[in-house]
Amino acid sequence: MKKWVYLFHELDAAEKYVGGDWDAVRGLLGGKGANLADMTRLGVPVPPGFTVTTEACNAYLAAGGKFPEGMWEQMLEALKEVERLTGKKFGGSDNPLLVSCRSGAKFSMPGMMDTVLNIGLNDETAQAMIRLTNNERFVYDSYRRLIQMFGAVVLGMPDEAFEDVLEEYKREKGAKLDTDLTAEHLKELTHIFKGVVRKELGFDFPMDPYEQMKLATEAVFKSWNGKRAVDYRRATNIPDDLGTAVNIVTMVFGNMGNDSGTGVAFTRNPATGEKKLYGDYLLNAQGEDVVAGIRNTEKIENLERDMPECYREFLQICDKLERHYRDMQDMEFTIERGKLWMLQTRNGKRTAKAAVKIAVDMANEGIISREEAVKRVSPENVDTLLHPQFDAETIKKAKADGRFFASGVNASPGAAVGQVYFDADTTEKMNKEYHQDVIMVRPFTKPDDVHGMLAAKGILTSEGGATSHAAVVARQFGVPCVVGAASVRIDLDKRQMEVDGKVVKEGEWISLDGGTGEVFLGKLPMTSPSLEEQTDLLTLLDWADEICARPGIRKSVNGSPTTGLQVWANADYPKDAQRARAYGAKGIGLCRTEHMFFEQERLPIVQRMILAKSSEERKAALDELLPFQRADFEGLFTAMDGYPVIIRLIDPPLHEFLPAAKDLEEQIITKRIEALAGYVLGKGEPKEVVELERMLQAVEAMHESNPMMGLRGVRLSIVMPEIVEMQVRAIFEAAANVTLKGVHAKPEVMIPLTGHVNELKVIQPRLEEIAREVMKEKGVSFPYKFGTMIEIPRAAVTAKEIAEIAEFFSFGTNDLTQMTFGYSRDDAERSFLVTYVENGILPKNPFQTLDRDGVGRLMQIAVEDGRKARPDLEVGICGEHGGDPASIEFCHLVGNNYVSCSPFRVPVARLAAAHAALKHAA
Ligand code: PEP
Ligand code: MG
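116 is the number of the first residue of the sequence shown in my numbering; add one for each residue after it.
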């Protein structure tokens, strides 16, 4: 008979069953069950209990809601063992055993599935508990909570069915807080609650403890397919077929008086990463009081004052658990009459900032290796840390202007500006359908609110603390969040909130700083944070670079070096190059020279060059442009002193530098109307109109039906070589000038859009000749290369011939994707591509994440064949994919030397490159 049930002390048997792998144990027992069993084995005080496996859950769901054979009997047997260990009896009238029934999937899904506490209480056991504890108030409080939770979770009744009755009852009795209710009140409430069940459902709340346990187990199994759990799994990519385990755990009570309590704590601060215990507790309370954030909690360090011995023991356990799991722990505990019990431990969720600090600190403390530290921080974490914030000046000014609205707990950092909505559905709708930036405001959040939280730029709650649901979920998703802003009075009926007469209505704008916990009226400007100030992140990125620079970390693929990828940057101007270098780029992978042509004082010269009627006229215009280009390049080489700088020769079709025909026509008409009077007076055609018409003629002559596939890139250079000749002269004069000043310039000239080797054969020698000429003129030499972009499928499949001429390849995957799929990069997203991705026709947008099977295959061929002709061929990527972690991994696998991306993405790319190196370490 299959074993469906494992007692907490049967971990060895579970390990044996799955073959010893801890991940598989978590798969079988769920994260919570596995950790409870593990803590039991470590000697940490855990209340006795057992776990029903995820296999049982899957079998139950597959059978359409039937327990698999033998499971229930095994639960009964395990329960007997728990009775033996505790000396208590389930349903007993002397010393009754009460249990909780808790869900627990392989991956933590905080608050997404169901839990029922106090199972085993009924009219008879309640009397026994009163005799034992001498605390009638506590027993009826537990009893009414059981009916309430069981009603909501197991019997599917709405929360309000009980909450409304409770509120009404409290009002009647003049009780402000739950704690103001007396034993008599709670006894009466228990009776009333039973009536609520009978009235709503037409049957009685079950008195049989076994029936309670059975129904609760089924409810947990079913909650795996509940809407909130499914939504959460979608958002976090947790597979649907894992199932949840059920943990039946002896109840221990934090509400047995002032020598009892309950709390949640993290071994380090989950918002900042600081190495200091962080959490909350409540005396005389049960777990959900802390997590729901409904009662105001005490800071964990005050436990030393309230219960010094328990606090000391707790600190020791924290240390033991953190060292055992080698990660920051998120723990739940209960103290029952002075005895500490650990109910749960798991690796704690944390902000991006904390993730980096904890990883770096733990490596420095020797708990984990540097490689492990690098692996523990995700590219998304790094992205978040470079996200917008409000700077100090903005905040100061906002305060001086009276725009401060409220403050609360700084639960999840980052700045958010958005329009306010007061429920999750509206928040989601305004974002999805109307593309608004939205901020969700609630008194507190519950798991059903997650879809709104995911759609929100920021979250604000008026209740709850640092470990409330809103705080935990926001941190996980990197959404800026302020909780417990107690001065905010939310009126859900009027759809507004108010502080001291300042009213914010639904749809109005606020700005929220999750790092400081402050909220402001209206829209505040945001700034990008500086990387330079984030020392932990800089340390981590240095470690990432060390990993990639290690010879032997990569098995040579397609003749690649055995080090990992380098990260270079796409930068057109010296100031971008400086930022790129500060962010850790080791070269410039793409300078799009045409961007320099668009500047105000240059564009007229460029247009004159294009419209030139003779070669002399064109040459004159180019001579005027040359000093501009040379100055740009000098700046780039100086900023990147010692590093390679790839400069791409002009790429776009020339019409892009001229006004659109439609605009010209409009201007001509306007001018003509303006000059009508002049005509009448017989003054003839005004000069401006003549010029505009000339321009229009040129634009019309240049018109192409398919300009992306037309006269651009190397084709343009062949038809009109003067432009690139000027560019190459400017590049080499600049390199020579800065070399003479002691800068180490390493220019690499890149020819775009090559499709046939003959194109290179025509143009490249002419340009190399200029390079040599300039060096001779200036009397200096420096290393340089001539190479090409690979952006046309034909170039990829004929890479061997191309590499005979080109000294380097750079994959222009924007065009390569366009040309491989035949999708216009400018139009595909707005017409069909989004639909394709939504309907699963394509797994991802190929313009964002490299299509490995098609475009990637071409890249693989190109690297392999290219290096056959030229073993030391330098290979990079400079399309948008160069900053995308999944595409970076592919570039590592295919044998690139480097990836090149926008300066802002460089830190993310450095981490992603190290992840690829570690994941596929030789
Ligand atoms: C590319 O095509 O990937 C590329 C980098 O060039 P551009 O985007 O300028 O066409
Ligand atoms: Mg291109």
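Beta carbons: idealized from backbone N, C-alpha and C, even for Gly.
By the CB criterion at 8 Å, Thr305 and Arg246 fall outside the cutoff.
Between the C-alpha atoms of Phe635 and Ile625 there is a straight-line separation of about 6 Å. Taking the C-beta atoms as reference points, Val489 is found nearer than 8 Å to Ala1029. Cα atoms of Ser484 and Arg707: separation of roughly 41 Å, rounded to the nearest angstrom.
Judged by their CB atoms, Leu705 and Ile761 are nearer to each other than the 8 Å cut-off. Not one heavy atom of ligand 2 lies closer than 7 Å to the C-beta of Asp687. Fully enclosed beta strand (DSSP E) runs of no fewer than 3 residues occupy 989-992 of the segment 952-992, in order along the chain. In chain order, the residues positioned with their C-beta nearer than 6 Å to some heavy atom of ligand 1 are Leu705, Arg707, Asp766, Glu906, Gly927, Thr928, Asn929, Asp930, Cys993 and Gly994. With a beta-carbon spacing of about 6 Å, Thr387 and Ala469 fall inside the 8 Å limit used to define contacts.
The beta carbon of Leu151 is closer than 6 Å to those of Phe123 and Val161 in its chain, skipping five residues each way along the sequence. Setting aside the 5 residues that flank it on each side, Val970 is surrounded in the same chain by Leu931, Thr932 and Thr935, each with a C-beta closer than 6 Å to its C-beta; the list follows chain order. If the five residues before and after Tyr758 are omitted, its C-beta is found closer than 7 Å to the C-beta atoms of Lys701, Gly702 and Lys861, all from its own chain and listed in chain order. A contact between stretches requires three or more CB pairs, one per stretch, nearer than 8 Å, and the segment 618-632 meets this requirement with the segment 520-527.
Residue state for Pro162 is assigned as coil, using DSSP reduced to three classes.
The alpha-carbon separation between Gly927 and Glu906 amounts to approximately 5 Å.
Check the Cα spacing between Cys663 and each of Asn340, Gln681, Arg610 and Ser671: the tightest is with Gln681.
With respect to the C-alpha of Lys390, the residue from Glu888, Gln444, Glu428 and Met422 having the closest C-alpha is Gln444. Contact between Ser223 and Arg461 holds: their C-beta atoms lie close to 5 Å from each other, under 8 Å.
Distance check between Glu863 and each of Phe962, Phe947, Arg763 and Glu944 places Arg763 closest, using alpha-carbon atoms only.
By the neighbour-count criterion, in which 16 or more other beta carbons inside 10 Å mark a residue as buried, Glu170 falls on the buried side. The Cβ atoms of Tyr396 and Gly372 do not sit closer than 8 Å to each other. The three-state reading of DSSP puts Leu740 in helix, counting H, G and I together. Taking C-beta separations shorter than 6 Å and ignoring five residues to either side along the sequence, the partners of Glu251 in its chain run Ile245 and Ala298, following chain order.
For Leu646, the three-state secondary structure derived from DSSP is coil. Unbroken alpha helix (DSSP H) stretches of 4 residues or longer found wholly inside the segment 808-841: 828-834, given in chain order. Per DSSP, Trp339 lies in no beta strand (DSSP E) and is assigned neither H nor E.
Take the alpha-carbon of Phe712 and the one of Val721: they are about 7 Å apart.
Not one heavy atom of ligand 2 sits closer than 7 Å to the Cβ of Pro562. Apart from the 5 residues on each side of it in sequence, Asp540 has no Cβ closer than 6 Å to any other Cβ in its chain. The continuous stretches of alpha helix (DSSP H) do not include Ala526, which lies in the beta strand (DSSP E) extending over residues Val524 to Ser527. The segment 337-356 and the segment 426-434 do not touch, with fewer than three beta-carbon pairs separated by less than 8 Å. Look at Asn462 here: in three-state DSSP terms it is strand.
Taking the C-beta atoms as reference points, Asn673 is found no nearer than 8 Å to Ser1015. Short note on Pro225: C-beta not closer than 7 Å to any heavy atom of ligand 2. Less than 8 Å separates the beta-carbon of Glu416 from that of Leu392.
Shown here, Ala521 sits in a strand according to DSSP, grouped into three states.
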